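A.B. asks: In this note's numbering, the protein residues as written are 293 to 763. Every residue, glycine too, gets a C-beta built ideally from N, C-alpha and C. These figures come from a predicted structure and were not determined experimentally.
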């Protein structure tokens, strides 16, 4: 896209309405603390792109004031977002602290006069770097005299593209909340903005965000285990994790991202094909949800797309698909619980199985078994698996973010649904993000980040499979 012409128009701090939230300290539960253990923990950076074909002055006078005011009202219910993560020296525990009259969210507004909006909302492969100007920057971590570190938990960057549209990029530390909590925050903010606050009159105290972390039981003592691991880490390692923004490196230069859409018919045909092969091979009946079969297909295509560049010929080499399992409905916490309630899931599969004739079936079987295992006894499963992957770097790992069930495209601030959603933070690795399709009911939108050569292979491989399903 050439040289970026970007100008900062406004920079401010947005707080909840004065006096609406008292000074409050929130403890971290084991779901939260495990994110402190993840090496080089990158914040969530979710970008929402909206069409708005008006000049800058109109945007600044009509859209921006409402965005700020509605955010302030929203933060009254989601006050951890305006808080700091407090990391004191041991034996004191890390916690979230909101201070009345001081805590706020870093809010920046920029104008990008020469951005190509059509390129930004396209599906074809684009350089990942075209989205980096949207990324929100966190204020620096501050350190008190006793060594306590104060880490801001959320930052927002609104970027206006004159006469075309604007992007809202929300950066949030994963220790604050998970994907479900984040989507609840965005739905609340957009609803308050769209209705000018009228939607609040019919809502109860906990209908937007349930903050009581005591509902999260810890029968396996994971909090103590995770805290011991956290305290044992070298101070330099802890400070490395404080970096709030994505650290863009030369490895990003060859990376591209593309969007692929699977229709409901694609998904149903895939389920039927996998089920048919299972019966033919006399395999046990599988758990075949949309998530399972979509993940299996994409995982196989990702692995095969990188085979030409790989020098690996070890048939027993393990490959891993990683994703989160939402435990709200299985752990007794409300669906509006704001915090972390996701257990990490690591699915291993041998190279020979993924690349074999029935690779998608083998992948679906492995993924489905993990999903069923997690739902059978959530807390027992978390006790066994809770710390997996936080201390170990798995080889041949494909991270998968998001879900087709979260409803990100329902985020309407009053100017229509987003034209495009992007998970900018997945640029850190060859990764996948899932969302519901914007325009096809029952469809799945798959965001993929790969090297350019691998992306070409992925595109061809996925197209090959989709022809088989619809043939």
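From the DSSP secondary-structure annotation, give me the bridge partner or partners of residue 727.
C.D. replies: Residue pairing by DSSP places residue 727 opposite 737 in a beta bridge.
A.B. asks: Measuring alpha carbon to alpha carbon, tell me which of 317, 588, 755, 719 ends up nearest residue 546.
C.D. replies: 719
A.B. asks: Let me know the secondary structure DSSP gives residue 302 once reduced to three states.
C.D. replies: strand
A.B. asks: List, from N- to C-terminal side, the beta strand (DSSP E) runs of 3 residues or more that fit wholly inside the segment 557-638.
C.D. replies: 610-618
A.B. asks: Beta-carbon within less than 7 Å of residue 764's beta-carbon, same chain only, minus the 5 sequence neighbours each way: which residues are those?
C.D. replies: In the structure as shown, the chain begins at 293 and stops at 763. Residue 764 is therefore absent and cannot be evaluated.
A.B. asks: What's the C-alpha gap between residue 326 and residue 550?
C.D. replies: 31 Å
A.B. asks: I'd like to confirm the pairing. Which residues does DSSP put opposite residue 767 in its beta bridges?
C.D. replies: Past the boundaries of the shown model lies residue 767; the chain is included only from 293 to 763, so the question cannot be answered.
A.B. asks: CB-CB under 8 Å to residue 455, same chain, minus the five flanking residues each way: which ones, in chain order?
C.D. replies: Cβ neighbours of residue 455 within its own chain (closer than 8 Å, five residues either side excluded): 345, 346, 347.
A.B. asks: Using three-state DSSP, classify residue 525 as helix, strand or coil.
C.D. replies: coil
A.B. asks: On the three-state DSSP scale, how would you describe residue 416?
C.D. replies: coil
A.B. asks: Return the first residue and the last residue of the beta strand (DSSP E) that residue 318 is part of.
C.D. replies: 316-319
A.B. asks: Which value, in whole angstroms, describes the spacing of the CA atoms of residue 707 and residue 555?
C.D. replies: 26 Å
A.B. asks: Which residue from 352, 319, 751 puts its Cα closest to that of residue 593?
C.D. replies: Measuring from the Cα of residue 593, the nearest candidate turns out to be 751.
A.B. asks: Answer with yes or no whether the minimum CB distance from residue 393 to chain D is below 8 Å.
C.D. replies: No chain D appears in the structure shown, which is made up of a single protein chain.
A.B. asks: Could you tell me which residues DSSP puts in a beta bridge with residue 547?
C.D. replies: Residue 547 pairs with 743.
A.B. asks: Under 8 Å, do residue 515 and residue 321 count as touching if we go by C-beta distance?
C.D. replies: Taking the C-beta atoms as reference points, residue 321 is found nearer than 8 Å to residue 515.
A.B. asks: With H, G and I counted as helix, E and B as strand and the rest as coil, what does DSSP make of residue 692?
C.D. replies: strand
A.B. asks: State the Cα-Cα distance for the pair residue 726 and residue 379, rounded to the nearest angstrom.
C.D. replies: 33 Å
A.B. asks: Is it right to say residue 681 is buried, meaning 16 or more other beta carbons lie within 10 angstroms of its own, or is it exposed?
C.D. replies: Low confidence applies here, because residue 681 scores a pLDDT of 44, under 50, leaving its location unreliable and the question unanswered by this model.
A.B. asks: Measuring straight from C-alpha to C-alpha, what distance separates residue 683 and residue 351?
C.D. replies: Summary for residue 683: the model assigns pLDDT 48, below 50, so the residue's position carries little reliability, and this model does not support an answer.
A.B. asks: On the DSSP bridge list, what partners appear for residue 448?
C.D. replies: Answer by DSSP bridge pairing, in chain order: 399, 462.
A.B. asks: Beta-carbon within less than 6 Å of residue 712's beta-carbon, same chain only, minus the 5 sequence neighbours each way: which residues are those?
C.D. replies: 341, 413
A.B. asks: Which one or two residues does DSSP pair with residue 379 in a beta bridge?
C.D. replies: Bridge partners of residue 379 according to DSSP: 441.
A.B. asks: Would you tell me roughly how many angstroms separate the C-alpha atoms of residue 362 and residue 614, rounded to the nearest one?
C.D. replies: Near 35 Å, if we compare the C-alpha coordinates of residue 614 and residue 362.
A.B. asks: On the CB-based measure, 16 or more other CB atoms within 10 Å of its CB, does residue 842 come out buried or exposed?
C.D. replies: There is simply no residue 842 to check, as the chain begins at 293 and stops at 763 in what is shown.
A.B. asks: Spell out a yes or no on whether the segment 582-601 and the segment 619-632 are touching, meaning 3 or more CB-CB pairs, one atom from each, closer than 8 Å.
C.D. replies: no
A.B. asks: Taking residue 438 as the reference, give the member of 579, 383, 643, 598 with the closest Cα.
C.D. replies: Nearest of 579, 383, 643, 598 to residue 438, Cα basis: 383.
A.B. asks: If I follow the unbroken beta strand (DSSP E) through residue 337, where does it start and stop?
C.D. replies: 336-343
A.B. asks: Just curious, the beta strand (DSSP E) that residue 388 is in, first and last residue?
C.D. replies: Per DSSP, residue 388 is one residue of the beta strand (DSSP E) stretching across 387-390.
A.B. asks: With which residues is residue 404 paired in a DSSP beta bridge?
C.D. replies: 298
A.B. asks: From the DSSP secondary-structure annotation, give me the bridge partner or partners of residue 457.
C.D. replies: 343, 453
A.B. asks: Please go through the same chain and pick out, in chain order, the residues whose beta-carbon is closer than 6 Å to the beta-carbon of residue 459, but skip the five residues on each side of it.
C.D. replies: 339, 341, 426, 451
A.B. asks: Going by Cα to Cα distance, which pick from 662, 629, 609, 635 is closest to residue 646?
C.D. replies: 609
A.B. asks: Can you tell me whether DSSP reads residue 394 as helix, strand or coil?
C.D. replies: coil
A.B. asks: Please name the residue or residues paired with residue 245 in a DSSP beta bridge.
C.D. replies: Shown here, the chain extends from 293 to 763; a query on residue 245 therefore has no answer.
A.B. asks: Which partner residues does residue 715 have in the DSSP bridge list?
C.D. replies: 338
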